[in-house]
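Quick note on the numbering used here: the sequence shown kicks off at -7 and runs consecutively. Working notes, beginning with the structure itself.
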Amino acid sequence: IPEFKLLLTKKDSTNVTLSISACQALIALVENGLWNINEALSTFISSISSIKNYMVATTTMSHLLILDLKRSTENETIYPFTLHTPQHPFIIILNQNKDSWQTILSQMTFILNHQDTRIKNNSIKMLRPVFLYILCNPSSNSLDCCMQQVWQLLIKSKHDSHVQTEILFWLCTVENHSCINTNYRILELAEKASLEKNREYCTALLPIIVSLTIQLLKQGSDPEPNFHVIFLIIDHCDNYIGNLMLTLMAEVIALCPAIYLHSVRIIKKMSYDDIFFNTLIATIVKWIAYPSVLCSTALDMAKDLANQMFVKTRLTCDNEIIFSNKLFTVFFHSDPYIQFYTELVHCLSIWNQNDILSWLNNMSRAPIYIKDKCKLLISGLLLQSNDSLIVKPCCNILVNVSKETKNFGSHVLSLILHKLTKCKSSTESKCLLLVIPELMIVKENVPIVNHTLNGLLNGDKQLKYFMIELYLEALKREPRCYRFLYAAIIKLMENDISWYSDATCARATKYICENYPEHGEKLIPFILQILNRSTSMNGGTASALALECISALCKASVIDICTTWKVLAPKMEKEKRPVVLKSLCKLLGDVAFYTPSQCLEKHHQVIDDIVSRLWNYATWNDVKVINSALEALASYHLEQLSLKTLPIEFRCNLTLPATYAKTATDEMKKPEDILPYIPSICWIQMLQNINKMALPAAGNLLISFITEEVSNFRSGIYMWPQGEPQNFKYLPEKSVIRAVGEYLRKSNKSDSSNHRIIMECLRIFAHKYPKPLPNINWNFLKNTFDLSAEAKKYTLSIACHHATISLSSKSFVENYLSMYKSINNAADFVWEDNEHSVLYLNLEDLCQTVQPNIIKPFLETTLEHVIKKMNVDNENSIQLFHCIMTSYAQTLRNPEVCHANSTLLSTMLEELLDKIDLTCDRFGSFFTAVLELPIKQLERMTSPEVWWETMPSKLKNAIAIRAELALRKSNAKAPLTWLKEIIDETVTSTSSVQTYFLETIQKVQTNMHFERSNSNWILDLMTQVQGFLMESSQNYNDKIQFYCNVLFVSIVSLSGIDSMLMKQDEIIKSQDVRIKLFPQALMVLSNRENWKHVIPQVMEWLNYMRTSDISNTYKYTFHRALICLRHNPYYKNVWTKYLSIKTDIDI
-7 IPEFKLLLTK KDSTNVTLSI SACQALIALV ENGLWNINEA LSTFISSISS IKNYMVATTT
53 MSHLLILDLK RSTENETIYP FTLHTPQHPF IIILNQNKDS WQTILSQMTF ILNHQDTRIK
113 NNSIKMLRPV FLYILCNPSS NSLDCCMQQV WQLLIKSKHD SHVQTEILFW LCTVENHSCI
173 NTNYRILELA EKASLEKNRE YCTALLPIIV SLTIQLLKQG SDPEPNFHVI FLIIDHCDNY
233 IGNLMLTLMA EVIALCPAIY LHSVRIIKKM SYDDIFFNTL IATIVKWIAY PSVLCSTALD
293 MAKDLANQMF VKTRLTCDNE IIFSNKLFTV FFHSDPYIQF YTELVHCLSI WNQNDILSWL
353 NNMSRAPIYI KDKCKLLISG LLLQSNDSLI VKPCCNILVN VSKETKNFGS HVLSLILHKL
413 TKCKSSTESK CLLLVIPELM IVKENVPIVN HTLNGLLNGD KQLKYFMIEL YLEALKREPR
473 CYRFLYAAII KLMENDISWY SDATCARATK YICENYPEHG EKLIPFILQI LNRSTSMNGG
533 TASALALECI SALCKASVID ICTTWKVLAP KMEKEKRPVV LKSLCKLLGD VAFYTPSQCL
593 EKHHQVIDDI VSRLWNYATW NDVKVINSAL EALASYHLEQ LSLKTLPIEF RCNLTLPATY
653 AKTATDEMKK PEDILPYIPS ICWIQMLQNI NKMALPAAGN LLISFITEEV SNFRSGIYMW
713 PQGEPQNFKY LPEKSVIRAV GEYLRKSNKS DSSNHRIIME CLRIFAHKYP KPLPNINWNF
773 LKNTFDLSAE AKKYTLSIAC HHATISLSSK SFVENYLSMY KSINNAADFV WEDNEHSVLY
833 LNLEDLCQTV QPNIIKPFLE TTLEHVIKKM NVDNENSIQL FHCIMTSYAQ TLRNPEVCHA
893 NSTLLSTMLE ELLDKIDLTC DRFGSFFTAV LELPIKQLER MTSPEVWWET MPSKLKNAIA
953 IRAELALRKS NAKAPLTWLK EIIDETVTST SSVQTYFLET IQKVQTNMHF ERSNSNWILD
1013 LMTQVQGFLM ESSQNYNDKI QFYCNVLFVS IVSLSGIDSM LMKQDEIIKS QDVRIKLFPQ
1073 ALMVLSNREN WKHVIPQVME WLNYMRTSDI SNTYKYTFHR ALICLRHNPY YKNVWTKYLS
1133 IKTDIDI
C-alpha cells in the first residue's frame, strides 16, 4: 500500500512534527489490528540505528511495548527482550545515544504509573532489562547520570521487588566509581526502609552498609554518609545481628581515622557475645595507646567501651535467628565480608574451651590469608580469654600474621601490652611476654619493645633473668637488638653477682658467640669474669657455658686455641665439677677440626697435651665425664694419638716388634718412646679396663677409627683368589680391625667373663661402615651365634653386611634363612628373639646376594605373622611392620638389588594390598614401600578396570594409594590426575567409600593449596559434570550429585576456608555446609594468580549449569557462585549475557 510505505518513510523524517505524526499513524494501524505488533516492533527496532530523532523513537517504542503487553494473555511469556539478545529497544537507544536517558526515564515513569492496572503490575518485569542495564553496568562508561533517578523510580514502585533484589545481587564494588555508585544505591534504599520502619529490610541492609564502608575506606573514599545512615536505621534493626555488626565494625575501626571512633557507639543499641565485643575493643586499643588531641572526644568514648570489657556484657539472642531473615540470607551471598564473618559468627557464637582449642589448632595450619582475615576475631579471643592454653595459640597466629603483614605488628604489640596490664596469672603473663620479642620484626616496634624490656629489667630478680631471655629471643629475630642485649648483660652482671645471674648471662653470651662471633671480642672480659667467679658447685653451669663460648670463638677464629689453652689449662687442672669437665671435653674435641694458626710443631704439642688430658678424663670416676672424653677423642684421627698419651692401664705388657728392636739399646727402650703408632692390642685393653658403664662409648671410639680405616681401603683388599684368609694378621699391627677381629676369633667363648667384651666387639663389627670389613673366613661367627639373643642379632648383621663379598658370610646367611622353609604355619613358629627384625634391617644386603627361592619363605612367614598380630593391635607387631615396610622401600630404591628379588618384593606388596586396610593408621607405613614401585605397576594395581571384582575395601585402598601418589607428586605436571579414574568407580560404590573419597580429596587438596595444576584439574572435573547432562543413563543424576560433591569439597579445601569451621569434617558430613561455602571459596581462588587464566571458563560453566536440568539446590548454588565472581575482569565482557538470565529468588 503506497500510504503505508509513505508512513514508514516519514517516521524517520528530520521534521519532528511529521515524524511524530507518522509514528502515531503507524501505532493506530497496530491498535486497529491492521499491522501485526511483532512486525511493527521488529520494523522500529531495526530502524533505530538510522533514526534521526531519539525522542520520537523512544515514545513510539514505549507505546508499542504497552500495546504488546495489552495483547498478551495472563499465561503468555511477557516480553522476550533481554540485555543481550534480543536486546531491549530502550537499551539499543541508550547505546546509540546516552543523552536520550531523560526521555527513556520519562517513558519508564509513564509505564510504571500507567492507569491500566495490568500494565502497571507488569511494568517492572517488562522494564527489567533496562533497570539492570542502567544500574548494574560494571564498565567505567556506565550511565551514572541517571542511576539515582532510575533507582528511585524502582524502589518507590510497589510492584515486584524481585528485580530490586536481583539488582542488589549484581551491583559491583571492585572499582572506586562502581563502589561509590553501589554505596549510594544501598544508602537510598536504607533511608526508604527507615522511613517505612521496615525492620526486615533495615536488618538485612545494615551489615551491607558496614561492609561497603570497609570497601570505601580501602579505596580512600569518605565513609561519613554511611555512618549517618547507620545511625538512622539502627533503631529499626533487630538486635540479633549484634555479633556480626561488631565484627564488621572492628574491620571499619581498623581502617578508618580515629576521628570516626564515635561510630562504635552503635553497639549500645545491640546485644552481643563477649568474644565479639572484645573483637571490637581489640581494634580500639591501639588508638587508646597512642592518643591524639585531634580526636579526644572519640577516644574518651573508646576508653569507656574498653572499660566495659572487664564487666559482664549482655548476651545476644539465639544466633540462628539471623538466618530466619530471608532477605538477609539472600543478600549475604553477594558480599564477601558478610559471607565470611557470618560463617565465623555462626561458628564462634556457641563454643566451649575444647572447641575453641580445636578451632585454633585448625587455624594455626590454615593458609596465611585465612589467618589474616580472622586476625581481628582472634585478637578479640585473646583479650577475652585468661586461659594460657587459648592465649598461646592466639598469640602465635597473630605473630604469624604480623610477619606477613608488617603494619599489623604494631597493633599486636599494643594488644599484648594492654593484655599484660590486666593479666593476673603468671603463666599467662609469661606466655604474653614471650610474644614481645617476636614483634621486633616490625621496625616501629623496636624502641617500644626495648623500652618495655628495659623497664622490666629493673624488676625483681626472677624477672631480670627472664628479661635477658627475652632480649636473647629479640636478637634471634632482629640482629640490631644486639646492643640492647649487650647493655642488659652489663647491667645484670654489675648489679647481680649470683650464680643464677652468671648462668643467665653466660647462656646469652654463648648464643652471641655462636651466631654473631664478630661481637665476640667485646664479650671476652665477661667470659673470663664468669669463669673466675663461678667456682662453686652452683656455678658449674655458668662455667660450662663460658667454655662453650670459648669454643665458639675458637671455631670462628676470633681467638687462637694455642694461646687460649695456655691460659685455660692451669685453671682446669683442679677442676672436678662434671658439668664443667663435659664442656671442656667438648671444647677439646673441637680442637681436632681447627686449622693451625701457629707453627705446626707448637700445634702438635698442644694436640698431644689435649689428647693426654682427654685420656686422663677417660679414666675418671664419673661416667658422664668418661663418655664426653671418649666422644671428644673420636674427633681425632688415629695418627694424631700417640702411644705415650694412653693411660698406663691401656698399654700393659707391650713388647717391641722385631723391626724396632734391632739392637740391645733399642730393646731397653720403652715401646711408647719408640713406636710411632698405637699397637692394636691396646684397644682390647682399653675395652677390658674402661669403666663398664662407659663401654659403649669406648666401642663408639673404635667404630670411628674403623670407619677411617675402611675408608682408605682399596678394592684389592677384598680379592682373594686362593680363598678367604683364616685370620686378620695380614692387616698392619696398628689396625683396629685386626685387634677386634682377632679377639673375636681367639677369645674363649665359654668363659663368661669374656662375654661383655665379646658383645662389644660384635657390636663394633656389626656397625654399617661405608665399605665392608676386609675379607676373612667368617665361620668363626658360629661360635658367637648362640651366646645370647643380642649376640645372635650382631652376628646376623655382620654376616649380612659381608654376604656380597664373602662366600662364608653368604653361606652362613643362607643356612640360617633355610630354616624358614620348614615352617608351614606362621603360628607354629617361635618368635622369641625377634632376630627377623635384624634381617629386615639388612634386607638390602640380602637381596643383593641371596636367591629369591631362599629369601621368599622368610619374607612370607614373617609378614603373615605380623599381619595376623596387627589385626589385634599388637604394638610390637605394628613397629615390626613399620620396620619391614621401611626395609622394602630402601631395598626397592637400591639399584644394586638383583631384579629377581625386586620383582619378589613387588609381588608381595601387591598381594598384601588385598589383606590390609589402608584406612587404618597402623598400616600407614605400607605407603613408604608401595610408592617405591614403578609408576606403571602402581597404576595397574590401583585401577578398578583390571580387577575381576571391585570390593569396597579394595577400592578404598586404591583411593588411599593414589592420594599418596598425588601428594608426593609422582606425576609432577598434574598430580591430581591419579584421582580421576577412581571417581567413576566411587559413584557406583557404597556410601562409606564415597565418604572416604571425599575425606581423601579434602586431605589432598588441603596439602596442595598452591599446586599450579589444580585449576586445570578442576576444569576437567567441571567438563565431566557438563558431559553427564548429555547422557541418558539411569544413574546420571547420581553421577552429577557425587561429582558436584567432589567439586565442592575440592574448591573449599583448595581455598582453605574450611579452616574457619569449628570442625573441618563438616564439609564431608553436611551438604548444606559444602553448598554454603562453595561460592565464597571460588571467589577466594579467583584472586590467586595461578587461577586467573581459568576463571573465565569457570564463569561460563557456572552460567551454563544454573540453567541446566539439575536440582534447584545446585542451580541456586552455581548462580550464587557466579554472582561472587562478578568482580572478575572477564565479567565486563559478558555481564549482559549473564544478567539476561532471570534469577530465581525465594524471599
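For every residue, glycine included, the Cβ atom is placed at its ideal position computed from N, Cα and C.
If you drop the 5 nearest sequence neighbours on each side, which residues of the same chain put their C-beta closer than 6 Å to that of residue i?
| i | result |
| --- | --- |
| residue 936 | 942 and 977 |
| residue 60 | 29 |
| residue 794 | 764 and 801 |
| residue 797 | 710 and 764 |
| residue 304 | Because the pLDDT at residue 304 is just 42, under 50, the model does not fix this residue reliably, and the value given afterwards should be weighed accordingly. Cβ neighbours of residue 304 beyond the five flanking positions: none. |
Counting only the same chain and skipping the five closest in sequence on each side, list residues whose C-beta sits under 7 Å from that of residue i.
| i | result |
| --- | --- |
| residue 1159 | Coverage of the chain is limited to positions -7 through 1139, which leaves residue 1159 absent and any answer about it impossible. |
| residue 230 | 191 and 195 |
| residue 166 | 1119 |
| residue 714 | none |
Measuring alpha carbon to alpha carbon, tell me which residue in the options is nearest residue i.
| i | options | result |
| --- | --- | --- |
| residue 1133 | 601, 158, 5 and 782 | 158 |
| residue 604 | 594, 585 and 625 | 625 |
| residue 1130 | 382, 1093 and 103 | 1093 |
| residue 993 | 1022, 953, 633 and 1017 | 953 |
| residue 633 | 608, 621, 599 and 649 | 599 |
| residue 1059 | 1124, 1023, 1108 and 991 | 991 |
With residue i as the anchor, note down where its alpha helix (DSSP H) starts and where it stops.
| i | result |
| --- | --- |
| residue 768 | It is not in any alpha helix (DSSP H) - residue 768 carries neither H nor E in the DSSP assignment. |
| residue 1088 | 1087 to 1097 |
| residue 942 | No alpha helix (DSSP H) holds residue 942; DSSP gives it neither H nor E. |
| residue 881 | 867 to 885 |
| residue 632 | No alpha helix (DSSP H) holds residue 632; DSSP gives it neither H nor E. |
| residue 410 | 401 to 414 |
| residue 977 | 972 to 979 |
| residue 582 | 570 to 582 |
| residue 110 | 109 to 127 |
| residue 674 | 673 to 681 |
| residue 854 | 844 to 862 |
| residue 686 | Note, residue 686: premise wrong, no alpha helix (DSSP H); not H, not E. |
| residue 891 | 891 to 904 |
| residue 743 | Premise fails: residue 743 is in no alpha helix (DSSP H) and is neither H nor E. |
Consult DSSP for residue i and reduce its assignment to one of helix, strand or coil.
| i | result |
| --- | --- |
| residue 1072 | helix |
| residue 74 | strand |
| residue 140 | helix |
| residue 102 | helix |
| residue 544 | helix |
| residue 301 | Note that residue 301 scores a pLDDT of 44, beneath 50, so its modelled location is shaky; the value from the coordinates is reported in the next line. Coil at residue 301, not helix or strand. |
| residue 626 | coil |
| residue 800 | helix |
| residue 960 | coil |
| residue 451 | coil |
| residue 1144 | A question about residue 1144 goes unanswered here, because the residues of the chain that appear run from -7 up to 1139. |
| residue 795 | coil |
| residue 1112 | helix |
| residue 1141 | With the chain running from -7 to 1139 in the structure shown, residue 1141 is simply not present. |
Please confirm whether residue i has its beta-carbon closer than 7 Å to some beta-carbon of chain B.
| i | result |
| --- | --- |
| residue 1114 | In the structure shown, chain B cannot be found, because there is only a single protein chain. |
Enumerate in chain order the residues of its own chain whose CB-to-CB distance from residue i is below 8 Å, with the five nearest sequence positions on each side excluded.
| i | result |
| --- | --- |
| residue 182 | 193, 194, 197, 198, 201, 221, 224 and 225 |
| residue 1027 | 979 and 980 |
| residue 209 | 215, 244, 247 and 248 |
Problem set entry | alpha helix (DSSP H) segments (min. 4 residues) lying fully within the region 320 to 397 | 328 to 340, 345 to 356, 360 to 376 and 380 to 396
Problem set entry | Those runs of the alpha helix (DSSP H) which lie wholly inside the region 6 to 89 and span at least 4 residues | 8 to 23, 29 to 38, 46 to 63 and 81 to 88
Exercise. At which residue ranges does the region 149 to 230 contain complete alpha helix (DSSP H) runs of 4 or more residues, listed in the order of the chain?
Worked result: 154 to 162, 168 to 187, 191 to 210 and 216 to 225
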